[in-house]
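Visitor: Be aware that the sequence shown starts at 139, since it is given in my numbering, and climbs by one per residue.
Virtual Cβ for every residue (Gly too), placed ideally from N, Cα, C.
Let me begin by handing over the structure; questions about it come next.
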Amino acid sequence: MTTQLQQKAELEIVTLNPVYGVNYNKGYIGFTYDGTHPVGQGIAYFTKWDKMSNISATHALIVTGENTCIEANAGTNMVEENPLQPYFKPSNCQIFFRKPKDLTDEIAERIVEILKPEVGKKYDYKLILAHAFSGSLPGQILNLLSRQKIKKLLSEALNCPDKWICSELAAYALDEQPEYRDRGVLSDPNSTINPQKLFEDDVIFQAWENQVAAKFKDLITGTTVIA
């Protein structure tokens, strides 16, 4: 048996100004990273095995408008529709937008509509524990020996159908669309998908052109936005 190691891609990052409807839009999936926050550091640690680029993603949200998103928020224990603006303000926070392939206004509307009934539901802390164990060194060894069965069994056992974590919610919104159902990372159960793994998928999302990620700098707030 041979072991194939993933080679990380170094993306060139260019800076532009973020404009709604031009470089991010309804139906896009946003990925954030704050390397100074203990929670962000922890998530980055246990999702590092899925990192294939020089960009870290530790939280996922779904864009619903120019300054709105739906997200599963661990801090408030709730799925909420929140302003995007707080992500644009902190200088230590980066937000990355990825566009689903062949996204149309109609598909984007469906992505948003499928999420509205989930607003108000609770955050799934037990599922986060499953992800944390799966991302630990012992968890990775057990996953390797079991051909990923341990990760799936643990996620299924601890997953609550009426609660969400951020990446599971974003994966669900995409997986419910016929255009993306069971494609790429969505072939795995939504409960097993972490933010980094979803972010890296080039089957669902429009690929970076020539290995260049466009980084958008808000000239007013100084926020870095990458799409």
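#1: In the DSSP assignment, find the unbroken beta strand (DSSP E) run with L199 in it and report its ends.
#2: To the nearest whole angstrom, what separates the beta carbons of Q334 and K189, a pair I think is in contact under 8 Å?
#3: So, under 8 Å CB-CB, T174 and N230 are touching, yes? Tell me the CB distance rounded to an integer number of Å.
#4: Ordered along the chain, which non-local residues of its own chain (more than five positions away) have a Cβ less than 8 Å from that of V201?
#5: Distance, Cα to Cα, E256 vs L307?
#6: Excluding the 5 residues flanking D339 on each side, which residues of the same chain have their C-beta closer than 7 Å to its C-beta?
#7: In chain order, what residues of the same chain lie with their CB nearer than 8 Å to the CB of D320, ignoring the 5 residues before and after it?
#8: Classify V217 as buried or exposed, calling it buried when 16 or more other Cβ atoms lie within 10 Å of its own Cβ.
#9: Going straight from the alpha carbon of V363 to that of V157, what length do you get?
#10: Buried or exposed for N325, please, with buried defined as at least 16 other CB atoms from any protein chain shown within 10 angstroms of its CB.
#11: Taking the beta strand (DSSP E) that R236 belongs to, which residues open and close that run?
#12: Can you list, in chain order, the residues of its chain whose CB lies under 7 Å from that of T330, leaving out five sequence neighbours each side?
#13: When you compare each of E148, K259, L265, F271 to D300 by their alpha carbons, which one comes out closest?
#14: My assumption, with CB atoms under 8 Å, is that A210 sits in contact with I279. Please give the rounded CB distance.
Guide: Taking the coordinates as given:
#1: 197-203
#2: 5 Å
#3: 5 Å
#4: Y162, N163, K164, G165, Y166, I167, G168, C207, L222, F235
#5: 9 Å
#6: G322, V323
#7: D313
#8: buried
#9: Caution applies to V363, whose pLDDT of 49 falls short of 50 and renders its modelled position unreliable; the value that the coordinates give is listed next. The straight-line gap from Cα to Cα measures roughly 10 Å.
#10: Looking at the sequence provided, one finds Ser at residue 325 rather than Asn. Exposed, because fewer than 16 other Cβ atoms sit within 10 Å of the Cβ of S325.
#11: 231-236
#12: K289, K290, S293
#13: K259
#14: That pair is no contact at about 29 Å.
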